[in-house]
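Position 42 (the sequence shown) corresponds to 41 in numbering that gives the first Met the number 0; numbering is contiguous. Encoded as structure tokens, the structure appears first; notes follow it.
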Amino acid sequence: MTLREMTYFKRLNDEFERKLNRSLTMREKEFLRWLAKKRYSETSL
Numbered sequence: 000m001t002l003r004e005m006t007y008f009k010r011l012n013d014e015f016e017r018k019l020n021r022s023l024t025m026r027e028k029e030f031l032r033w034l035a036k037k038r039y040s041e042t043s044l
């Protein structure tokens with residue numbers, strides 16, 4: 000995969016995440032943040 004393709008896919012991914020974040024409620028965001036923290040603490044043990 001070329002660099003141009005990689006940046007293109009990254010841009011698509013960022014856009015997708017932005018749309019996803021916009022559609023999430025505050026509670027869902029908090030839950031995802033908590034889940035990420037939990038997963039992080041489990042992997043660092």
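Virtual Cβ for every residue (Gly too), placed ideally from N, Cα, C. Every value quoted in this text rests on a predicted model; they were computed, and no experiment measured them.
1) Spatial neighbours of Arg-3 within its chain, please: CB distance less than 6 Å, with the 5 preceding and 5 following residues excluded, ordered by chain position.
2) Rounded to whole angstroms, what's the CA-CA distance from Arg-26 to Thr-1? Just pull it up for me.
3) Taking only the alpha-carbon atoms, compute the straight-line gap between Phe-8 and Lys-18 and give it to the nearest angstrom.
In brief:
1) Position 4 of the sequence shown, counted from the first residue, corresponds to residue 3. Excluding residues within five positions, none has a Cβ falling inside 6 Å.
2) For the purposes of this step, residue 26 is identified with residue 27 of the sequence shown, where counting begins at 1. For the purposes of this step, residue 1 is identified with residue 2 of the sequence shown, where counting begins at 1. Looking at the two C-alpha atoms, the distance is approximately 39 Å.
3) For the purposes of this step, residue 8 is taken as residue 9 along the sequence shown, with counting starting at 1. For the purposes of this step, residue 18 is taken as residue 19 along the sequence shown, with counting starting at 1. So the two alpha carbons sit approximately 15 Å from each other.
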